[in-house]
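Below is one structure, written out as structure tokens; the observations come after it.
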Amino acid sequence: MREIAVIALVVIALGCAAPAPPPEPAAKETTAVGTGTVIAGDGVEIAYTVTGTGAPALVFVHGWMCDQSYWFNQVQDLAQDHMVVTVDLPGHGRSGFDRAEWTVAGFGADVATVVEGLGLEEVILIGHSMGGPVSLETARLMPGRTRGVIGVDTFQNVESEWDPEQRKEMLEAMEADFVAFCTTFVTGMFPEGADQDLVRMISDDMCGGPAEIGSSLMRNFADYDRALAMQSAGVPIRAVNATLWPTALEVNRKYADFDAVLMEDVGHFLMQEAPETFNHHLRKVIAELEAGTDRTVS
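Quick note: the sequence shown uses my numbering, first residue 15, plus one each step.
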């Protein structure tokens with residue numbers, strides 16, 4: 015039971031998924047503006063891709079041990095009428111790996127560097143799992159530029175705390191055998207009846223990444239104040255979450271203009287498990303933030 019509890023805590027904090035197979039070509043082609051890099055304050059290279067046109071720009075931030083390609087199904091859809099920017103956080107994908115310290119706050123500054131480098135005047139930040147808190151950090155650094163933040167299976171309860179003994183056990187297990195811990199972690203993020211090919215693909219992808227970076231990030235996130243980050247972002251915050259773990263709406267509303275859409279029969283990787291349904295909900299939330307309304311998301 016303790017192991018299950020630890021996995022549940024980690025799931026609502028971090029996570030990512032390998033990309034689903036490409037969908038059928040859309041009726042309208044997207045416009046690929048191109049790929050590029052910017053340099054972070056500590057000299058690390060940050061890779062990004064820009065697809066499509068239209069404001070506000072949608073900036074997608076991946077989760078722990080992932081990269082920008084995992085947003086494939088969202089890019090192809092949303093780039094029909096928006097500029098879509100996907101980023102490889104340092105230590106992931108095509109970005110640089112030479113960094114002394116790995117933190118959520120540092121990643122927030124990295125995404126802000128990309129936004130500033132591209133000269134984007136207005137953005138909506140969309141972050142999966144760890145990418146949600148990273149997006150809060152970015153919004154805090156860019157007052158006036160960020161229309162809102164959309165979390166993807168994150169922000170379930172920003173007041174939840176790690177049990178000290180569970181935190182200790184989790185970090186020790188991860189640092190002793192990263193692959194074994196990660197494999198158990200990945201399995202716990204899926205509902206019963208999940209596609210086992212997808213489970214294996216995600217497990218291979220996540221658990222094959224740099225263990226030192228993964229462990230360092232997990233240690234930093236265990237001490238990260240999500241409530242303060244939400245309060246400090248200064249923008250409307252929305253989420254598209256799975257019902258596999260409860261989302262505490264009233265708790266989160268103490269810290270921000272917050273609401274959430276809940277999806278059933280999916281796990282932590284909802285944007286890969288049910289991309290069409292997810293994209294439908296995401297578009298509705300984007301439209302709400304573009305309109306500047308504060309009504310309840312439904």
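The C-beta atom is built at its ideal place from N, Cα and C for all residues, glycine as well.
If you drop the 5 nearest sequence neighbours on each side, which residues of the same chain put their C-beta closer than 7 Å to that of G113?
Inspection of the sequence shows that residue 113 is occupied by Arg rather than by Gly. Apart from sequence neighbours up to five positions away, the residues of its chain that approach R113 with a beta-carbon distance below 7 Å are D56, V58, P104 and G105, ordered along the chain.
Residues in its own chain within less than 7 Å of V193 by CB, not counting five upstream and five downstream?
Within its own chain, the residues whose Cβ lies closer than 7 Å to the Cβ of V193, once the five positions on either side in sequence are excluded, are C221, listed in chain order.
Are V249 and G162 closer than 9 Å when you measure CB to CB?
Cβ distance < 9 Å, so V249 and G162 count as in contact.
Going along the chain, which residues of its own chain have a beta-carbon closer than 7 Å to the beta-carbon of G306, five neighbours each way excluded?
Nothing listed; no residue qualifies.
Whole-number beta carbon distance between P70 and I138, since they are thought to touch under 8 Å:
In this structure I138 touches P70 by the C-beta definition: roughly 5 Å separates them, less than 8 Å.
T197: first and last residue of the uninterrupted alpha helix (DSSP H) it sits in
Unbroken alpha helix (DSSP H) run through T197: F192 to T201.
Using the Cα positions of L284 and I53, report the straight-line distance between them to the nearest angstrom.
About 32 Å.
Tell me which same chain residues have a C-beta within less than 8 Å of the C-beta of L155, skipping the five on either side of it?
Excluding positions up to five away in sequence, the list reads G122, A123 and A126.
Opposing strand residues paired with N255 [DSSP bridges]:
Under DSSP, N255 takes part in a beta bridge, and its partners are L276.
Got a sec? Which residues, its chain only, sit under 6 Å from A241 by beta carbon, not counting five neighbours each side?
If we look at A241 and ignore the five residues flanking it on each side, its Cβ neighbours are V172, E173 and Y269.
Grouping DSSP H, G and I as helix and E and B as strand, with all else coil, what is D95?
When secondary structure is reduced to three states using DSSP, D95 falls in the coil class, being assigned neither helix nor strand.
Give the secondary structure of R161 by DSSP, where H, G and I count as helix, E and B as strand, and everything else as coil.
In the structure shown, R161 sits in a strand (DSSP, three-state: E or B).
Could you tell me which residues DSSP puts in a beta bridge with Y62?
G50 and V101.
Top-ranked residue by Cα proximity to S229, from A253, A190, G66 and V200:
Nearest option by C-alpha distance: A190.
Helix, strand or coil for F74? Go by DSSP, reduced to three states.
In this structure, F74 counts as strand in the three-state DSSP scheme.
Endpoints, beta strand (DSSP E) assigned at L134
Counting along the chain, L134 falls outside any beta strand (DSSP E), and DSSP gives it neither H nor E.
Residues that G141 bridges to, as DSSP identifies them
Answer is V75 and G165, bridged to G141.
Buried versus exposed call for F313 [16 or more other C-beta atoms within 10 Å across all chains shown]
The requested residue 313 does not occur in the structure, where the chain is confined to residues 15 to 312.
Roughly how many whole angstroms lie between the Cα atoms of S217 and W116?
Cα atoms of S217 and W116: separation of roughly 22 Å, rounded to the nearest angstrom.
Compute the Euclidean distance between the alpha carbons of H282 and G145, then round it to the nearest angstrom.
Distance between the alpha carbons of H282 and G145 is about 13 Å.
Write down the C-beta distance between A93 and G66 rounded to the nearest angstrom, noting that I regard them as a contact closer than 8 Å.
Distance from A93 to G66 at the Cβ level is roughly 3 Å; contact confirmed, criterion being Cβ atoms closer than 8 Å.
Pick from M215, T49 and G68: whose alpha carbon is nearest that of Q82?
The shortest C-alpha separation from Q82 is found at T49.
Let's see if you can read the secondary structure: which residues bound the alpha helix (DSSP H) around K298?
Per DSSP, K298 belongs to the alpha helix (DSSP H) from P289 to A305.
A241: first and last residue of the uninterrupted alpha helix (DSSP H) it sits in:
R240 to A247 is the extent of the alpha helix (DSSP H) around A241.
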